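Chemist: Handing you a structure now.
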Amino acid sequence: QVQLQESGPGLVKPSETLSLTCTVTGGSTSSYYWTWIRQPPGKGLESIGYIHYTGSANYNPSLKSRVTMSVDTSKNQFSLKLRSMTAADTAVYYCARGTEQYVDYWGQGTLVTVSS
Amino acid sequence: DIQMTQSPSSLSASVGDRVTITCRASQSIRSFLNWYQQKPGKAPKLLIYVASSLQSGVPSRFSGSGSGTDFILTISSLQPEDFATYYCQQSYSHPATFGQGTKVEIK
Numbered sequence: 001q002v003q004l005q006e007s008g009p010g011l012v013k014p015s016e017t018l019s020l021t022c023t024v025t026g027g028s029t030s031s032y033y034w035t036w037i038r039q040p041p042g043k044g045l046e047s048i049g050y051i052h053y054t055g056s057a058n059y060n061p062s063l064k065s066r067v068t069m070s071v072d073t074s075k076n077q078f079s080l081k082l083r084s085m086t087a088a089d090t091a092v093y094y095c096a097r098g099t100e101q102y103v104d105y106w107g108q109g110t111l112v113t114v115s116s
Numbered sequence: 117d118i119q120m121t122q123s124p125s126s127l128s129a130s131v132g133d134r135v136t137i138t139c140r141a142s143q144s145i146r147s148f149l150n151w152y153q154q155k156p157g158k159a160p161k162l163l164i165y166v167a168s169s170l171q172s173g174v175p176s177r178f179s180g181s182g183s184g185t186d187f188i189l190t191i192s193s194l195q196p197e198d199f200a201t202y203y204c205q206q207s208y209s210h211p212a213t214f215g216q217g218t219k220v221e222i223k
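Residue numbers (my numbering), protein chains in the order written: chain U, 1 to 116; chain B, 117 to 223.
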């Protein structure tokens, strides 16, 4: 059974960079697409982007200038960096596995709060 | 971006009821439409992919239909564990976008 687990800080100061890592167990990052999705408290879901196991990435244009994703197949991990954080970036951040058509396995999510 | 609009935003239903949720895309997305279920404090769970394919392990009371711009999620006989929020998602074009969600509550 594929499992994903997000790790990273729960609190980030405004203007700082968020760094999250997703560790995959029960499966390999040497295939599939690896995705980040976020959900502000009490609101809907927003796709941040995804990275293919080959390293090719595709970001949401609304966040593209601030986002970098990477994948480390040797560690079975993939990562998200989101720069210049503001209060509007406060959300639960999910890592997930998918294909080009859908997302089938999700991490439990990690709440990131932006506050000084 | 393609806009996804779900209706209703919320509904109240009883155990055993047949429930339908509609999702409309702002342009044709062929059959690239997925449905997810989310319970409070939990990650979404994939129910239906490419409009009508049932994800492995999902009960057969869930079904999906539609193509182009209009799609429907049907729960044939609502069970207590089905009370949750349901989201549609288009994967036809980047970025993938979600509907605003439909909350299914106990009547």
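Quick reminder that beta carbons are idealized off the backbone N, C-alpha and C, glycines included.
Predicted model, so just to flag it, every value in this text is computed and none were measured.
1) If we call anything under 8 Å between Cβ atoms a contact, is Val67 of chain U one with Gly49 of chain U?
2) What is the DSSP secondary structure of Ser179 of chain B, reduced to helix, strand or coil?
3) When the cut-off is 8 Å and only beta carbons count, does Leu82 of chain U lie next to chain B?
4) 8 Å is my cut-off, CB to CB: does Ser144 of chain B come that close to chain U?
5) Anything in the stretch 199-217 of chain B with a Cβ closer than 8 Å to a Cβ of chain U? List those residues in chain order, please.
6) Could you tell me which chain B residues have their CB closer than 8 Å to the CB of Gln101 of chain U, listed as they occur along the chain?
7) Quick check on this structure: which residue in B:Val174, B:Leu149, B:Ser169 has the alpha carbon closest to the alpha carbon of Gln195 of chain B?
8) Run through chain B and tell me which residues come within less than 9 Å of Tyr94 of chain U, C-beta to C-beta.
9) Taking Cβ-Cβ distances below 9 Å as the criterion, which residues of the stretch 43-61 of chain U are in contact with chain B?
10) Can you tell which of B:Thr201, B:Tyr208, B:His210 has its C-alpha closest to the C-alpha of Ser125 of chain B?
11) Out of curiosity, what's the CA-to-CA distance linking Ala129 of chain B and Glu221 of chain B?
12) Quick check on Trp106 of chain U - is its C-beta less than 8 Å from some C-beta in chain B?
Modeler: Based on what the coordinates show:
1) yes
2) strand
3) no
4) no
5) Tyr203, Gln205, Ser207, His210, Pro211, Ala212, Thr213, Phe214, Gly215, Gln216, Gly217
6) Phe148, Asn150, Tyr165, Val166, Ser207
7) B:Val174
8) Ala159, Pro160
9) Lys43, Gly44, Leu45, Glu46, Ser47, Ile48, Gly49, Tyr50, Asn58, Tyr59, Asn60, Pro61
10) B:Thr201
11) 6 Å
12) yes
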